[in-house]
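Asker:
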Amino acid sequence: MIDITSIPPYKPEEIEPKWQSRWEADGLYHADPDPKHTKFYALTMLPYPSGDLHIGHWYAMTPSDARARFKRMQGYNVFFPIGFDAFGLPAENAAIKHQIHPKQWTYANIERMRTQLRSMGNMFDWRSEVVTSDPEYYRWTQWFFVQFFKHNLAYQMEAPVDFCPNCNTTLAREQVQGEDRHCERCGTPVIKKNLKQWLFRITNYAEELLDFSDIDWPETIKTLQTNWIGRSKGAYITFKTESGEPIEVFTTRPDTLWGATFLVLAPEHPLVNQITTPEQAEIVAAYQEQAMRQSDIQREAATREKTGVFTGAYAINHATSERIPIWIADYVLMTYGTGAIMSVPAHDQRDFEFARQFDLPIRVVIQPEGAPELAPEEMTAAVEAYGTMVNSGLLSGTAADKSLETAVAFIEQMGIGRGAVTYRLHDWLISRQRYWGAPIPIIYCPKCGTVPVPEDQLPVLLPDDVEWLPTGESPLKLHPTWRFTTCPVCGGPAERETDTMDTFMCSSWYYMRYLSPHYDQYPFDPQLYRYWMPVDTYTGGSEHATMHLMYVRFFHKAARDCGITTGREPMRQLRNQGMVLGEDGEKMSKSRGNVIAPDDLVQRYGADTVRSYLMFFSRWEVGGPWNSSGIEGNSRWLRRVWATLLEPADGGASREVLRALRRKTHQTLRAVTYDYENFEFNTIISSLMELLNEMGRAKATGAFGTPEWDEAVDIYLRMLAPVCPHIAEELWERLGKPYSIHTQAWPQVDEEAARDEEITLVVQVNGKLRDRIQVPLGISDAEAEQKALASPAVQQALAGRQVRKVIVVPGKLVNIVV
RNA sequence: GCCGAAGUGGCGGAAUAGGCAGACGCGCACGACUCAAAAUCGUGUACCUACGGGUAUGUGGGUUCGAUUCCCACCUUCGGCACCA
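If you read the first sequence in the working numbering, its first letter stands for residue 156, the second for the next number, and so on.
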């Protein structure tokens, strides 16, 4: 009899901290360049130190860690670093609310989160840790700004910009979201403010950003970025006012030029005041003011009635030599194209509505194929389809498929315009009127103008002795001495820029700093850069699609053009995880009381169980609601792994049982290898559960202690190690295998062992399942057909009917058609 | 309105993708162990059935010997965009 009590119980609370300290002490996860191994840079998005590691962090990081471990066992030299995106508003809000310095708040949170992160048992190389609010980090953030400034990729502009009245700062276009145009961080609707701000020329890279050919990124992210960039092909066309003032418009339909019966300018268009006639001046001014106020409140839905006023001025349509009126209307946006349009009411719905509203002429110049002949007075909507050009002078009769290029050629020949491409994308506004960020390293000198801080004077340090006003105004502006300095060029008195940088700037290059976080000659050690870059796999949330994930691509390309980086893209492969919801299916939030705290789970079940459940409960890219009883299943599974592998049993299994055990072991290995590679984490766990069930059955029939059993155990632990690193290490040791399992090689599939000897042949009659018969592998089609027809169940289903056709799918199925 | 993703048992999901629908787990039911309970182990678990079989992967069509998988139309949910000329 076997003495069950001799088996020690599985105690994750003991083995997990034990192994974590041992791995740490041994530097097990340190990655250094090694020419003998292919490098693999695995990266998970760095967390913001909000105070507590939440289940979302675990969900993002655990599968990334498991896959990094898998890659390492496959023989890659894997670098898997971690850090903190430590600048940002919450720290400052805490400062204002609780009278605690943002630095103190941030660094205390980081300390706490480091401990929590360690409890996950990830293979982070902590030597590479980066904190973006450390002066030795933001020195180089500022340095990048200076390089961009020198290469004319950073510039200052005064314009109406999006401003969050709650966060008290300007925002980039990407950080304004939704129909009500609210702040990405706090949800408050933004307002427009006329301010002088720093921007990066991301629009220079619009075309290159649309090219995803070098990278393996999810289609959804590529689509979101493509839509955000919003490329439109068309033409610029210059009209002239009667007094000879040029007005340039952008259109995607140069083929409709002959139908342009009026022009519309945005109310803020700089030409408006110049061209407005004295009689119209008052009404135009009133409209401008109203439009200004309206954009200050909120932009309304697209369905609202068109408004606008006539300027009194006329322009000449060079194509028709016609005199056409110039209007202003708020449906034309100053921020897109040239802020002016040619209005073609017959072929653009918005222009149509405007023309009907104000009784402006409508002229048909496109006749779509198959449509009844269009008559302006009968139209109830614009016809936007392409078609044959009509009423278009020399170009009349041009077919739909040629109309665009023919029209552009005509316009260019006439010298009134040119083919062009515009983008919806705006330049990246990086100025923030906040304290807790990297100061923009610029000095304003009354004599020398705008001067970058010399590189050897970086970083521009944030002063510690600051005070917050309840108004939320940046303390840097109010600091008694900090802003006053001397000009680095002439030495005269000068002032510092008091704005800090968007924190997305900090997170645009951290993957380079990880390589050498304390290197003080350059943002990174070039030798390490050559070895490790680019990032091979990047993981994180898809909510960053048009922010971080676009900025980081821009940044890398811009840095390349400054001669700093190489390669077109920073991250070769991207995968996004979904979100863990509360048990009620809603987003977790303190106010809802549905928050699942990972620390509690670790205490109750151990990190390995939490890890395996997170990888098991849903498709990783989808996520879903937490289930408190679901995790019990994973807890049971690991206890069963423990018992099945450790508890001895009697031997004496038959050859068939052992053969079947080997087959299942290697089939599982094949499936699990595929799943790790392809981010299909949930089926890794179910395959491991299945194999354990099979091992349990084999053990009950005497497999324990046989070479086949030992092989199954060995392969099992190696497959388990990336998901549950602690229990795998502990069992590995208890079974007398050499430390550490995490430096072992990934096992090879023995295809011979994995091969089925018998297969289940599915027999259908007219596509309906009638029988399943066991046949040897490699059976001929004729034999399969014969066996299928011989089946009594099939004979019954055939009921004596004539067989018309038999389809045999080798190794799978026979379908008999009658 | 435009762009994109997704709809499979009571629940999470599987089916490497035209070829056995529901793997694995949760839950539930029954049984074993126990004075009892918990834990553990075992068995069962899509629906209907006149026990022959029939019906099922959001709905309706289509292609095919065969469709969760491909095509068309529609419905629902989620995400993005918002008069972008």
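Cβ coordinates follow ideal geometry from the N, Cα and C atoms, glycine included.
Please name the residue, chosen from Y674, P373 and L736, that lies closest to W295 on a Cα-to-Cα basis.
Answerer: By one-based count along the first sequence, residue 295 stands at place 140. Comparing Cα positions, the closest option is Y674.
Asker: Please report the Cβ distance between T343 and P315, rounded to the nearest whole angstrom; I am assuming they are in contact, meaning their Cβ atoms lie under 8 Å.
Answerer: Against the first sequence, residue 343 aligns to sequence position 188. Against the first sequence, residue 315 aligns to sequence position 160. That belief does not hold up - the Cβ atoms of T343 and P315 are roughly 18 Å apart, past 8 Å.
Asker: In terms of DSSP beta bridges, what is K742 paired with?
Answerer: Residue mapping note: residue 742 aligns to position 587 of the first sequence, counting from 1. In the DSSP output, where bridge partners are listed per residue, K742 has none listed.
Asker: Report the partner residues of G778 according to the DSSP bridge assignment.
Answerer: By 1-based counting over the first sequence, the position of residue 778 is 623. In the DSSP output, where bridge partners are listed per residue, G778 has M734.
Asker: I think K194 touches Y231, with their Cβ atoms under 8 Å apart; what is that distance to the nearest whole Å?
Answerer: Along the first sequence, one-based indexing puts residue 194 at 39. Along the first sequence, one-based indexing puts residue 231 at 76. Sure, about 7 Å apart at Cβ, within 8 Å.
Asker: Would DSSP call S219 helix, strand or coil?
Answerer: Position 64 of the first sequence, counted from the first residue, corresponds to residue 219. Helix, per DSSP.
Asker: Does the Cβ-Cβ distance between L816 and A858 come in under 8 Å?
Answerer: For this step, residue 816 is matched to residue 661 along the first sequence. For this step, residue 858 is matched to residue 703 along the first sequence. Against a cut-off of 8 Å, the Cβ pair of A858 and L816 comes out as a contact.
Asker: Would you check if the segment 411 to 419 and the segment 517 to 531 touch, i.e. whether three or more CB-CB distances between them fall below 8 Å?
Answerer: The answer is yes - the segment 411 to 419 touches the segment 517 to 531, with three or more Cβ pairs under 8 Å.
Asker: Are T577 and E329 closer than 8 Å when you measure CB to CB?
Answerer: Translated into positions along the first sequence, residue 577 becomes position 422. Translated into positions along the first sequence, residue 329 becomes position 174. Their beta carbons are not under 8 Å apart, which means T577 does not touch E329 by this criterion.
Asker: Distance, Cα to Cα, G740 vs G778?
Answerer: On the first sequence, residue 740 is found 585 positions in, with the first residue counted as 1. On the first sequence, residue 778 is found 623 positions in, with the first residue counted as 1. The straight-line gap from Cα to Cα measures roughly 11 Å.
Asker: Which residue comes first and which comes last in the alpha helix (DSSP H) that contains F279?
Answerer: One-based indexing of the first sequence puts residue 279 at position 124. Here F279 belongs to no alpha helix (DSSP H), and DSSP marks it neither H nor E.
Asker: Where does E533 fall in DSSP's three states?
Answerer: The residue you call residue 533 lines up with position 378 of the first sequence. Three-state result, E533: helix.
Asker: Classify N264 as helix, strand or coil using the three-state DSSP reduction.
Answerer: Taking the first residue of the first sequence as 1, we reach residue 264 at position 109. If DSSP states are grouped into helix, strand and coil, N264 belongs with the helices.
Asker: Using the Cα positions of L350 and K557, report the straight-line distance between them to the nearest angstrom.
Answerer: Residue 350 sits at position 195 when you count from the first residue of the first sequence. Residue 557 sits at position 402 when you count from the first residue of the first sequence. Taking the straight line from one Cα to the other gives about 45 Å.
Asker: Tell me the DSSP secondary structure of P643 in three-state form.
Answerer: Residue numbering aside, residue 643 sits at position 488 when the first sequence is read from its first letter. It is coil, neither helix nor strand.
Asker: Under a three-way DSSP split, which group does L183 fall into?
Answerer: Here residue 183 refers to the residue found at position 28 of the first sequence. It is coil, neither helix nor strand.
Asker: Cutting at 7 Å between CB atoms, please list the residues of its own chain near L379, excluding the five before and the five after it.
Answerer: Numbered from its first residue, the first sequence carries residue 379 at position 224. Once the five neighbours on either side are set aside, the close Cβ partners of L379 are A700 and T701.
Asker: Sort P218, L326, F318 and W792 by Cα distance to M1002 and report the nearest one.
Answerer: Residue numbering for the chain in the displayed model covers 156 to 973; residue 1002 lies beyond these limits and cannot be assessed.
Asker: Provide the residue span of the beta strand (DSSP E) that contains V404, from first to last.
Answerer: Position 249 of the first sequence, counted from the first residue, corresponds to residue 404. Here the beta strand (DSSP E) through V404 covers P401 to T406.
Asker: If we ignore side chains and look at the alpha-carbon of each, how far apart do W372 and A530 end up?
Answerer: Numbered from 1 along the first sequence, position 217 holds the residue referred to as residue 372. Numbered from 1 along the first sequence, position 375 holds the residue referred to as residue 530. Rounded to the nearest angstrom, the two C-alpha atoms are 49 Å apart.
Asker: Confirm, please, whether the CB-CB distance from V464 to I481 is below 8 Å.
Answerer: On the first sequence, position 326 is the one that residue 481 refers to. On the first sequence, position 309 is the one that residue 464 refers to. Going by C-beta atoms, I481 is not nearer than 8 Å to V464.
Asker: List the residues that DSSP assigns as beta-bridge partners of N472.
Answerer: For the purposes of this step, residue 472 is taken as residue 317 along the first sequence, with counting starting at 1. Looking at the DSSP assignment, N472 forms a beta bridge with E477.
Asker: Taking DSSP as the reference, what is the three-state secondary structure of I971?
Answerer: Counted from its first residue, the first sequence places residue 971 at position 816. Correct three-state label for I971: strand.
Asker: Measure the beta-carbon distance from G243 to T658 and round it to whole angstroms, keeping in mind my assumption that it falls under 8 Å.
Answerer: Here residue 243 refers to the residue found at position 88 of the first sequence. Here residue 658 refers to the residue found at position 503 of the first sequence. So it is a contact: roughly 5 Å between Cβ atoms.
Asker: Residues in its own chain within less than 7 Å of K377 by CB, not counting five upstream and five downstream?
Answerer: In the first sequence, residue 377 corresponds to position 222, counting from 1. The answer, listed in chain order, is F367.
Asker: Between the segment 894 to 902 and the segment 172 to 183, can you find at least three pairs of beta-carbon atoms closer than 8 Å?
Answerer: They touch, by the three-pair rule.
Asker: Can the beta-carbon of P965 be found closer than 8 Å to that of D936?
Answerer: The count along the first sequence starts at 1 and reaches residue 965 at position 810. The count along the first sequence starts at 1 and reaches residue 936 at position 781. In contact: P965 and D936 (Cβ atoms closer than 8 Å).
Asker: Just the Cα atoms here: how many angstroms apart are R454 and P188?
Answerer: The residue you call residue 454 lines up with position 299 of the first sequence. The residue you call residue 188 lines up with position 33 of the first sequence. Its pLDDT being 49, under 50, R454 is placed unreliably in this model, and the value from its coordinates should be taken loosely. Cα to Cα, R454 sits roughly 54 Å from P188.
Asker: For H337, which beta-bridge partners are listed by DSSP?
Answerer: Indexing the first sequence from 1 puts residue 337 at position 182. H337 is bridged to Q332 and P344.
Asker: By Cβ distance below 8 Å, which residues in the same chain neighbour Q429 in space, the five residues on each side in sequence not counted?
Answerer: Position 274 of the first sequence, counting from 1, holds the residue named residue 429. So the list reads E400, once near-sequence residues are dropped.
Asker: Excluding sequence positions up to five away, which residues of its chain have a Cβ less than 6 Å from the Cβ of Y165?
Answerer: The residue given as residue 165 occupies position 10 in the first sequence. Taken in chain order, the residues that qualify are R794 and W797.
Asker: Do the segment 860 to 867 and the segment 238 to 252 meet, that is, are 3 or more Cβ pairs less than 8 Å apart?
Answerer: Segments in contact, no.
Asker: For W298, I'd like the list of residues in its chain whose CB is within less than 7 Å of its CB, leaving aside the five on either flank, ordered along the chain.
Answerer: Start at 1 with the first residue of the first sequence, and residue 298 comes out as number 143. So the list reads E610, L613 and P678, once near-sequence residues are dropped.
Asker: Do you know how far the Cα of E524 is from the Cα of M660?
Answerer: Against the first sequence, residue 660 aligns to sequence position 505. Against the first sequence, residue 524 aligns to sequence position 369. If you take the alpha carbons of M660 and E524, they lie about 51 Å apart.
Asker: Under the assumption that V644 contacts V615 (Cβ atoms under 8 Å), give the Cβ distance between them as a whole number of angstroms.
Answerer: Residue 644 sits at position 489 when you count from the first residue of the first sequence. Residue 615 sits at position 460 when you count from the first residue of the first sequence. That belief does not hold up - the Cβ atoms of V644 and V615 are roughly 16 Å apart, past 8 Å.
Asker: For V920, tell me which candidate among L875, L968 and R638 has the shortest Cα-Cα distance.
Answerer: Translated into the one-based positions of the first sequence, residue 920 becomes position 765. For the residues L875, L968 and R638, the minimum Cα distance to V920 belongs to L968.
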